[in-house]
Amino acid sequence: MTVRTMSRGDVDRVIRWAAEEGWNPGLGDAVPFHAADPAGFLIAEADDGQPAAAVSVVRYGEKLGFLGLYIARPEYRGRGYGMEAWRAGMEHLAGRTVGLDGVVAQQDNYRKSGFVLAHRNVRLQGTVPAVGMPDGLADLAAVPFDRLLDYDRPLFGAPRAAFLSAWIGMPGVVGLAAGGTAGSLGGYAVARPCRVGWKIGPLFADDAETADKLFRGLCAGIPGGEQVILDVPEPNREAAALAARYGLAPAFETARMYAGPPLGLDLGRIFGITTFELG
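Numbering-wise (the working numbering), the sequence shown opens with residue 85 and increments by one.
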C-alpha cells in the first residue's frame, strides 16, 4: 500500500467520508482544515489505487499536534490500511505532544498507543428558542487579528493563525467578540453551518456571563428552528449549565487524550471546543 499526503481535493473527499459516518462536518470545513497544515493530511491507497483510509495530523507551532479524521472505508477495514495511515501520521507528529478526541469505542486502542485521558467532552444539541442580540458584542471581523490570536493561543495551547484566519472567514459563519475593537477581549465565539444544524466552536470567554452573552448572540444570528450543537469540556460545569439553560441535551461524548505532556488548558474559560477533528 501507499501512504501519501492528501491533495486539497482529497480533503474534500475525506470530509465526505466523515459525513457518511455521521460526523456532521461543517459545510466549509475543508478550506480551514487544509490551511492549518497542508502536509498534515494523509491517505492510504490500496493495491488497486483506491483511497482506503485517512488521518489528519495537523501541526501547530513547534510543540503541538492534533490527530483526527481517522477513517477507513468500510470495504477496506480489517486489512491494515488504517494502521499504516496511523503510523505515518504519528511519525509526522514525532517529538510533539499529540492530542485527539476519541470516541468511546476506540479509547482503549488509543491508550495502547500511549494516549492518556485528560477529560471528557460532551456534545450537547437542541433547538434554541428565539433570542435577541445582546448589547456589548462586536462582529468578529472588526477585531484586530493579532488581538484575536493573542486571546486564542493560551486557550488552544498553540498558535494557529492560518487555521483561524480561514475558520472565521468561511462563508455563512457567524462570529462575535465581547469587547475587542478598541480594548482587550473578554471572549469570542464562532458558529458555522453544518450538514445538519449549526456547530458553535470555539466558545471562549473569561466568565460564564460573557459566554452566555456570546451564545445568545450567535443563536440570534442562526436561522430559527435549526439545531444548535455545542461541544463542552465536561469539567466546565458552567458550560454544561449554559447549554441546559437553552434546551441543549447530551448526544454523545468523546475523550480528550494526549500522548506527551498535557497542555494544562484553563478549561474554565473553554465553553465550547473548536472541533473534534482539529482540536
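Backbone N, C-alpha and C fix where the C-beta goes; we use that ideal spot for every residue, glycine too. It should be emphasised that the depicted structure is a prediction, and the values quoted were computed from it without experimental measurement.
Mind checking residue i: buried by the 16 CB within 10 Å criterion, or exposed?
{"i": "Glu-361", "result": "buried"}
{"i": "Thr-86", "result": "exposed"}
{"i": "Pro-116", "result": "buried"}
{"i": "Arg-276", "result": "buried"}
{"i": "Val-280", "result": "exposed"}
{"i": "Arg-100", "result": "exposed"}
{"i": "Pro-317", "result": "buried"}
{"i": "Asn-193", "result": "exposed"}
{"i": "Val-142", "result": "buried"}
{"i": "Ala-102", "result": "buried"}
{"i": "Arg-244", "result": "buried"}
{"i": "Arg-353", "result": "buried"}
{"i": "Gly-162", "result": "exposed"}
{"i": "Phe-299", "result": "buried"}
{"i": "Gly-216", "result": "exposed"}
{"i": "Gly-185", "result": "Note that residue 185 is Asp in the sequence shown, not Gly. Buried is the call here."}
With a cut-off of 8 Å on the beta carbons, I'd call residue i and residue j a contact; round off their distance for me.
{"i": "Pro-334", "j": "Val-206", "result": "5 Å"}
{"i": "Asp-350", "j": "Leu-239", "result": "7 Å"}
{"i": "Ile-155", "j": "Ala-130", "result": "Their Cβ separation, rounded to whole angstroms, is 14 Å, which puts Ile-155 and Ala-130 out of contact at 8 Å."}
{"i": "Tyr-144", "j": "Ala-242", "result": "4 Å"}
{"i": "Leu-314", "j": "Ala-262", "result": "No, Leu-314 and Ala-262 are not in contact; Cβ-Cβ is about 17 Å, not under 8 Å."}
{"i": "Ser-197", "j": "Ala-328", "result": "Contact doesn't hold; Cβ gap of about 35 Å is too wide."}
{"i": "Gly-106", "j": "Ala-214", "result": "No, Gly-106 and Ala-214 are not in contact; Cβ-Cβ is about 28 Å, not under 8 Å."}
{"i": "Ala-119", "j": "Ala-246", "result": "5 Å"}
{"i": "Ala-114", "j": "Asp-96", "result": "5 Å"}
Hey, residue i and residue j: beta-carbon distance below 8 Å or not?
{"i": "Cys-303", "j": "Gly-110", "result": "no"}
{"i": "Pro-218", "j": "Lys-297", "result": "yes"}
{"i": "Ile-284", "j": "Val-312", "result": "yes"}
{"i": "Arg-204", "j": "Ala-339", "result": "yes"}
{"i": "Gln-209", "j": "Leu-347", "result": "no"}
{"i": "Val-200", "j": "Met-341", "result": "yes"}
{"i": "Tyr-272", "j": "Leu-233", "result": "no"}
{"i": "Leu-177", "j": "Val-98", "result": "no"}
{"i": "Tyr-235", "j": "Leu-269", "result": "yes"}
{"i": "Pro-255", "j": "Gly-93", "result": "no"}
{"i": "Gly-173", "j": "Val-139", "result": "yes"}
{"i": "Ile-252", "j": "Val-274", "result": "yes"}
{"i": "Phe-150", "j": "Gly-363", "result": "yes"}
{"i": "Tyr-330", "j": "Val-188", "result": "no"}
Legend entry - Cβ pair count under 8 Å reaching 3, the region 118-138 against the region 287-298: No: the two stretches stay apart, fewer than three of their Cβ pairs being nearer than 8 Å.
Inset, instruction - Taking 8 Å as the threshold, find out whether the region 161-178 comes into contact with the region 126-142 through three or more Cβ pairs. - result: Contact holds: three or more Cβ-Cβ distances are below 8 Å.
Inset, instruction - Taking 8 Å as the threshold, find out whether the region 318-331 comes into contact with the region 177-187 through three or more Cβ pairs. - result: Flag = no, the region 318-331 and the region 177-187 do not touch.
Inset, instruction - Can you check the region 229-316 for any alpha helix (DSSP H) of at least 4 residues that lies completely inside it and give the ranges in chain order? - result: Entirely contained in the region 229-316, the alpha helix (DSSP H) runs reaching 4 residues are, in chain order, 229-240, 245-252 and 292-304.
Legend entry - In chain order, each beta strand (DSSP E) run of at least 3 residues that lies wholly inside the region 139-180: Segments of the beta strand (DSSP E) lying fully in the region 139-180: 148-156.
Inset, instruction - Write down every uninterrupted run of the beta strand (DSSP E) in the region 200-231 whose length is 3 residues or greater and which is fully enclosed by it, in chain order. - result: Within the region 200-231, the complete beta strand (DSSP E) runs of at least 3 residues are 200-211 and 221-223.
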